[in-house]
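The listed protein sequences derive, respectively, from chains A and B. Under the numbering used here, the first residue of the first sequence carries the number 49, and numbering increases by one thereafter. Under the numbering used here, the first residue of the second sequence carries the number 49, and numbering increases by one thereafter. We treat Cβ as the ideally placed atom computed from N, Cα and C, and that holds for glycine.
2 protein chains.
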Amino acid sequence: MDEKTAGTFFSLFNEIGIINQIGTTFLEARLPDGLIAPHFSVLNHLIRVQDGQTPIRLAQAFQVPKNSMTHTLAGLERRGLVQMRPNPDDARSKQVWITPAGRDLRVRTIANMIPLFEEFEQTIALDRVTELLPRLREIREFVDELRDHRT
Amino acid sequence: MDEKTAGTFFSLFNEIGIINQIGTTFLEARLPDGLIAPHFSVLNHLIRVQDGQTPIRLAQAFQVPKNSMTHTLAGLERRGLVQMRPNPDDARSKQVWITPAGRDLRVRTIANMIPLFEEFEQTIALDRVTELLPRLREIREFVDELRDHRT
DNA sequence: CTATATTAGTACAATATCGAACTAAAAGGA
DNA sequence: TCCTTTTAGTTCGATATTGTACTAATATAG
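Structural data, given as structure tokens:
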């Protein structure tokens, strides 16, 4: 592989890294004190996908080590945004349920993001984002799978 | 703005977040012990753009707080990968120069990434990445600018 | 010129991240 | 069944990240 091709891949990850960095900052500026992006992401995932999931499944979904997820969930539980229950099917395991306060916080945070997205939409047409998404999803699915064999 | 549109923007940042997470893991698996992605990113930036830059410029380039950059640079300097010199134009300031060891580490890390990129290229054609890049760059430039006024 | 404001960088403290080692439960093999 | 291996989750320690507050130097206003 030539240097230019390798450079293209590096650029890809570089652009993604910076967008991620800034997006995270925007989100965290709209979250209550002490809550950070991973907290919100978990709440959002519990609504979008399904709550009652095990911590290990959440860790896999976000591709973080399981002890990092333990920590994030502890923060959410301490604030009453999720409830941890024993998993009736497996005594080693737990289930994570979102609470009404958790749902409420998610809704309010999304509402807080809307003005930003509207500004966004004025410059980057929604169409372009819609087009971009399947491409990104393809890459995400690929690296996701790649990760399972090689790291 | 309707809920679906907001969901599209969330999906965008969500996909980007996961790709970033996995990409970082891949990179860090190929870095020597104790070095992490930000260390490599700085070395790479010093070559790609220009070395002799001030820490504050690097912090702006990566959109991280300046004290985070201080910490990253301290790690690089401790390992002899960069050299910090006083800035002759401004006594408050410094310049960051990459050392031969730093250059060497960067080259070796890129070489270590190549097999992964080759695997990548077999599934996601290079063309698609090349097409994707300007779109991402556009978004990056926009959020970058947005960040300067509103946060 | 002097006083004030801004800027570059660091120090400190709080929290986050994550590898490694551990416990307890479940799964699998003989 | 009994023993071994795997799995879910936590604990611990090391390092990373970042907000706040600081120092020193530079820029700016009057």
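Is the number of C-beta pairs between the stretch 139 to 157 of chain B and the stretch 95 to 104 of chain B that are closer than 8 Å three or more? yes
Could you list the residues in the stretch 183 to 199 of chain B with a C-beta less than 8 Å from some C-beta on chain A, going in chain order? Arg183, Leu184, Arg185, Glu186, Ile187, Arg188, Phe190, Val191, Asp192, Leu194, Arg195, Arg198, Thr199
Go ahead and pull the three-state DSSP assignment for Val112 (chain B). coil
Identified DSSP bridge partners for Val130 (chain A): A:Ile146
Please list, in chain order, all residues of the same chain as Thr147 (chain A) whose beta carbon is under 8 Å from its beta carbon, the five residues on each side excluded. Gly128, Leu129, Val130, Gln131
When every heavy atom of the ligand SAM is checked, does at least one fall within less than 7 Å of the C-beta of Pro136 (chain B)? With respect to the ligand SAM, the structure offers nothing, as it holds no ligand at all.
Following the continuous alpha helix (DSSP H) through Ser141 (chain B), name the residue where it begins and the one where it ends. Ser141 (chain B) -> no alpha helix (DSSP H), and no H or E assigned at all.
Which residues DSSP lists as bridging Gln101 (chain A), in chain order: A:Val144
Buried versus exposed, by CB contacts within 10 Å (16 or more), Asn62 (chain A): buried
With C-beta atoms as the reference, is Gln69 (chain A) less than 8 Å away from Val112 (chain B)? yes
If we call anything under 8 Å between Cβ atoms a contact, is Val90 (chain B) one with Phe57 (chain A)? no
Thinking C-beta only, is Ile67 (chain B) closer than 8 Å to Leu184 (chain A)? yes
In chain B, which residues lie with their C-beta within 8 Å of the C-beta of Gly71 (chain A)? Phe61, Ile64, Gly65, Val191
Secondary structure of Met117 (chain B), DSSP reduced to three states: helix
Own chain, CB closer than 7 Å to Ala85 (chain A), minus 5 neighbours either side, in chain order: Thr72, Leu75, Glu76
Buried versus exposed, by CB contacts within 10 Å (16 or more), Thr118 (chain B): exposed
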